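*Asks:* Provided herewith is a single structure, encoded as structure tokens, for subsequent inquiry.
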Amino acid sequence: MSLFQPDGQTTHMPRRAANGWRMLCCPMHMAAMMPMGMGAAVAVPPPSEPPPSFVDGTAPEASLWASRGDEHTWDLFQVAAPGRWVVIRGATVWPMTGDQPLPNHDILVQDGVIRAVQPSGAALPDAALVIDGAGKHIIPGLADNHVHPPLMHVSTMFASMFGPQVTGEDLQLPYDLHMFLYLTGGITRIQAMAGSSEDLALRESIRQGRLRGPSMRVASPVIDGYPLVWGAHISYGVGTPEGGRAAARRLKDRGFNFAKPYTRLSLAAYDQLLEECQALGIEVTGHIPAAVPVEHALRKGQRGVAHVFEYFYNDTESERQNLDMMARRARLSAELDVTVQSTLTVSMMFEYDIGHRPDGFQAAGVFDPVLRHLMRPGGPIVQMFSGNPQFVAQGTDCLRHSIHMMKALKAEGVRIVTGTDTGTCNGTGPHTIHDELEWFVKDVGMTPLEALRCATVYSAEHHGESAVSGTLEAGKRSDLVLLEADPSRDIAATRRIKGVMLGNAYIHREAMDRGLERAKAIFAAMPVPAA
Ligand SMILES: [Zn+2]
């Protein structure tokens, strides 16, 4: 299988292109490609390609799963009627506008918006719904800026692995429950990083209130060169430089929030893509293609980097040790106001896949049986990775190098945002945003509040929503999390969630646990062999 571009763009190859592991960065992606022979299904572009060759699939309005609404979760939220006040009383509030908390304060909410944050004891509005905040710490809702929700288009691909009778429907957690899992982890904002029609439909259902879930941004399908890394269901295949421009126009028409360039895009097509995005006012956040030098990408206008390891994955081991070079890249990122998604979780999981970190994947805590099956020791993903010397070489110490790069980015004041690159969110289980935050503190050297800022304030900036969210102040959306411990003392407190408010709806701990049990029961009934 040739790694070269079909349109003759072979000049920055082949060493960079040969470093294939990073294309397989996240477990759901890895899983997705298993039945597809590593994207070989779309190995060459059609002969007379009208670029790009994206297959749009189901129209958003036709997605049955997204339109099913909230039948599994509607009773788990306590919802305030329009105009009715909600007061969280007597809590320690961390507004995230500075480093100081507001002890013994009330948060007054109406119609999903914070109207006031004031010292306890003042008169409260009549007939308010009161939530006891005594002894609790309140932070803004958290963001996972790099997720891959396993929606129907993904489940359908897995199905054939589990027998001829198994369908995608058999492996699908209802969307409202899936979104509920994010909320139980304190996550009120997500960014789906390989867009599809299903993701667009889900975003629309959340916007319209058919189901409750985190506010959601959706990347374009990955804008890739040939042979595609993934299937056409999540790819814009771009075989010519002009295809880069066409992809930009297409993603804007379809309503994706930003462009996500991908690994095999040629340098010429990349340049055209970025120029067209600039002309159309489209943000570019994604991988740095193998054929594109890091500094070129940044100078060309790529404002978001989808993994911290994008900064070094094409380098040799000795280049990775070149701290001056990494510092230079970090400095340039700061100058150009680049935002970087951390994805330390998947750096670690990649090390697990290659056998470098045998205990890295905590299967027991993972709800989703498909993921457990695929990731089990000796399972298909582990075998494929650990059996490939090149993957092993590239993945060794991926987390350690990522942490070095994080330190360099932090030292230069680059905006880092939390992202896990995982497909499922397991409430407070393993491989979640909470692990990511703990690495920020324990390994990167951030204070707990600096880490929290990456998941709140900076994430809102990254989404262009600073005016309406990311902090706890009057006028901001009431997306917030009640914790039973002080997160400024120990970041692990973000796991100890007592309640989550999403606009005008509140989830008590007890309702969270009921929702988690429902999700577990559906997962347990899926026709997947025990790991
Ligand atoms: Zn990813």
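Note that the sequence shown ends on residue 531 in our numbering; no numbers are left out.
C-beta atoms are modelled at their ideal positions from N, C-alpha and C, and glycine is treated no differently.
These numbers come from a predicted model, not from an experiment.
1) Taking 7 Å as the cut-off, is the C-beta of residue 193 nearer than that to any heavy atom in ligand 1?
2) Rounded to whole angstroms, what is the Cα-Cα separation between residue 153 and residue 234?
3) At a cut-off of 7 Å, is residue 146 close to ligand 1 when judged by its beta-carbon and the heavy atoms of the ligand?
4) Residue 467: buried (16+ other C-beta within 10 angstroms of its C-beta) or exposed?
5) Would the beta-carbon of residue 353 be found less than 7 Å away from any heavy atom of ligand 1?
6) Tell whether a beta-carbon distance below 8 Å holds between residue 419 and residue 146.
7) My assumption, with CB atoms under 8 Å, is that residue 142 sits in contact with residue 494. Please give the rounded CB distance.
8) List the endpoints of the continuous alpha helix (DSSP H) containing residue 532.
9) Return helix, strand or coil for residue 256, following the three-state DSSP convention.
10) Might you give, ordered along the chain, the residues of its own chain that have their beta carbon closer than 8 Å to the beta carbon of residue 303, omitting 5 neighbours on each side?
11) Within the present structure, is the beta-carbon of residue 421 separated from the nearest heavy atom of ligand 1 by less than 7 Å?
12) When the Cα atoms are used, what is the spatial distance from residue 362 to residue 431?
13) Which ranges does the beta strand (DSSP E) cover as unbroken runs of at least 3 residues, wholly within the stretch 205-255, from first to last along the chain?
14) If you measure between the beta carbons of residue 149 and residue 188, is that distance less than 8 Å?
15) Taking the alpha-carbon positions, what's the residue 346 to residue 444 distance?
16) DSSP state of residue 127, grouped into three classes?
17) Three-state secondary structure (DSSP) at residue 94?
18) Bridge partners of residue 137, per DSSP?
19) Can you list, in chain order, the residues of its chain whose CB lies under 7 Å from that of residue 287, leaving out five sequence neighbours each side?
20) If you draw a straight line from the C-alpha of residue 140 to the C-alpha of residue 396, how long is it?
21) Report the residue from 78, 440, 137, 411 whose alpha carbon sits nearest the alpha carbon of residue 91.
22) DSSP on residue 403, reduced to helix/strand/coil?
23) Taking the alpha-carbon of residue 496 as reference, which of 486, 503, 164, 502 has the nearest alpha-carbon?
24) If contacts are defined as beta-carbon pairs under 8 Å, then residue 314 and residue 290 qualify, I think. What distance do you get, rounded to the angstrom?
25) Measuring straight from C-alpha to C-alpha, what distance separates residue 163 and residue 479?
26) Quick one: Cα of residue 382 to Cα of residue 368, how far?
27) Should residue 435 be labelled buried (16 or more other beta-carbon atoms within 10 Å of its own) or exposed?
28) Span of the alpha helix (DSSP H) holding residue 453?
29) Less than 8 Å separating the beta-carbons of residue 454 and residue 440?
30) Of the choices 167, 117, 257, whose alpha-carbon is the least far from that of residue 88?
31) Can you tell me the Cα-Cα spacing of residue 489 and residue 107, whole angstroms?
32) What number of angstroms, rounded off, separates the C-alpha of residue 292 from the C-alpha of residue 529?
33) Report the rounded CA-to-CA distance for residue 504 versus residue 85, giving the unit in angstroms.
34) Got a sec? Which residues, its chain only, sit under 8 Å from residue 319 by beta carbon, not counting five neighbours each side?
35) Can you check DSSP and say which residues form a bridge with residue 432?
*Replies:* The short version:
1) Mapped onto the sequence shown, residue 193 falls at position 193. At a cut-off of 7 Å, the beta-carbon of residue 193 counts as near ligand 1: some heavy atom of the ligand is closer than that.
2) Indexing the sequence shown from 1 puts residue 153 at position 153. Indexing the sequence shown from 1 puts residue 234 at position 234. Rounded to the nearest angstrom, the gap between the Cα atoms of residue 153 and residue 234 is 9 Å.
3) Position 146 of the sequence shown, counted from the start, is the residue given in the question as residue 146. For residue 146, the CB falls within less than 7 Å of some heavy atom of ligand 1.
4) As a first step, residue 467 is located in the sequence shown; it is residue number 467 there, counting from the start. Classification for residue 467: exposed.
5) Indexing the sequence shown from 1 puts residue 353 at position 353. Annotation for residue 353 indicates a beta carbon at 7 Å or more from all heavy atoms of ligand 1.
6) Counted from its first residue, the sequence shown places residue 419 at position 419. Counted from its first residue, the sequence shown places residue 146 at position 146. Yes. Within cutoff.
7) Within the sequence shown, the letter at position 142 stands for residue 142. Within the sequence shown, the letter at position 494 stands for residue 494. Contact between residue 142 and residue 494 holds: CB atoms are separated by about 7 Å, below the 8 Å threshold.
8) Because the chain is modelled from 1 through 531, residue 532 falls outside the range shown and cannot be assessed.
9) Residue numbering aside, residue 256 sits at position 256 when the sequence shown is read from its first letter. In this structure, residue 256 counts as coil in the three-state DSSP scheme.
10) For the purposes of this step, residue 303 is taken as the residue at position 303 of the sequence shown. Apart from the 5 residues on each side of it in sequence, residue 303 sits with its Cβ closer than 8 Å to the Cβ of 283, 284, 285, 336, 337, 338, 339 in its chain, given in chain order.
11) As a first step, residue 421 must be located in the sequence shown, where it is residue number 421. Because some heavy atom of ligand 1 lies under 7 Å away, the Cβ of residue 421 counts as near it: yes.
12) For this step, residue 362 is matched to residue 362 along the sequence shown. For this step, residue 431 is matched to residue 431 along the sequence shown. Going by the C-alpha atoms only, they are around 8 Å apart.
13) Runs found: 215-224, 235-237.
14) Residue 149 sits at position 149 when you count from the first residue of the sequence shown. Residue 188 sits at position 188 when you count from the first residue of the sequence shown. At the C-beta level, residue 149 and residue 188 stay beyond 8 Å of one another.
15) Position 346 of the sequence shown, counted from the start, is the residue given in the question as residue 346. Position 444 of the sequence shown, counted from the start, is the residue given in the question as residue 444. Straight-line Cα distance between these residues: approximately 16 Å.
16) Along the sequence shown, read from residue 1 onward, the residue named residue 127 stands at position 127. Judged by DSSP in its simplified three-state form, residue 127 adopts coil rather than helix or strand.
17) On the sequence shown, position 94 is the one that residue 94 refers to. In the three-state scheme derived from DSSP, where H, G and I count as helix and E and B as strand, residue 94 is classed as coil.
18) Along the sequence shown, one-based indexing puts residue 137 at 137. 92, 483, per the DSSP bridge assignment.
19) If you number the sequence shown from 1, residue 287 lands on position 287. So the qualifying residues of the chain are 261, 262, 263, 306, 310.
20) Position 140 of the sequence shown, counted from the first residue, corresponds to residue 140. Position 396 of the sequence shown, counted from the first residue, corresponds to residue 396. One Cα belongs to residue 140, the other to residue 396, and the distance between them is close to 36 Å.
21) The residue given as residue 91 occupies position 91 in the sequence shown. The residue with the shortest Cα to Cα distance from residue 91 is 137.
22) Residue numbering aside, residue 403 sits at position 403 when the sequence shown is read from its first letter. Shown here, residue 403 sits in a helix according to DSSP, grouped into three states.
23) Within the sequence shown, numbered from 1, the residue matching residue 496 stands at position 496. With distances taken between CA atoms, residue 496 lies nearest to 486 out of 486, 503, 164, 502.
24) Along the sequence shown, read from residue 1 onward, the residue named residue 314 stands at position 314. Along the sequence shown, read from residue 1 onward, the residue named residue 290 stands at position 290. Indeed, because the Cβ distance is near 6 Å, the residues count as touching under 8 Å.
25) As a position in the sequence shown, residue 163 is number 163, starting the count at 1. As a position in the sequence shown, residue 479 is number 479, starting the count at 1. Approximately 42 Å between the Cα atoms of the pair.
26) For this step, residue 382 is matched to residue 382 along the sequence shown. For this step, residue 368 is matched to residue 368 along the sequence shown. Going by the C-alpha atoms only, they are around 17 Å apart.
27) Taking the first residue of the sequence shown as position 1, residue 435 is located at position 435. The residue in question, residue 435, is buried, as its Cβ has 16 or more Cβ neighbours within 10 Å.
28) Residue 453 sits at position 453 when you count from the first residue of the sequence shown. Counting along the chain, the alpha helix (DSSP H) containing residue 453 begins and ends at 448-455.
29) Position 454 of the sequence shown, counted from the first residue, corresponds to residue 454. Position 440 of the sequence shown, counted from the first residue, corresponds to residue 440. Yes.
30) By one-based count along the sequence shown, residue 88 stands at place 88. Distances from the alpha-carbon of residue 88 to those of 167, 117, 257 put 117 closest.
31) Counted from its first residue, the sequence shown places residue 489 at position 489. Counted from its first residue, the sequence shown places residue 107 at position 107. For residue 489 and residue 107, the distance between alpha carbons rounds to 22 Å.
32) In the sequence shown, the residue the question calls residue 292 occupies position 292. In the sequence shown, the residue the question calls residue 529 occupies position 529. Approximately 42 Å between the Cα atoms of the pair.
33) Here the question's residue 504 lines up with position 504 in the sequence shown. Here the question's residue 85 lines up with position 85 in the sequence shown. Distance between the alpha carbons of residue 504 and residue 85 is about 9 Å.
34) Reading the sequence shown from its first residue, position 319 is the one you call residue 319. Cβ neighbours of residue 319 beyond the five flanking positions: 312, 325.
35) Numbered from its first residue, the sequence shown carries residue 432 at position 432. Note: residue 432 sits in no beta bridge, so no partner.
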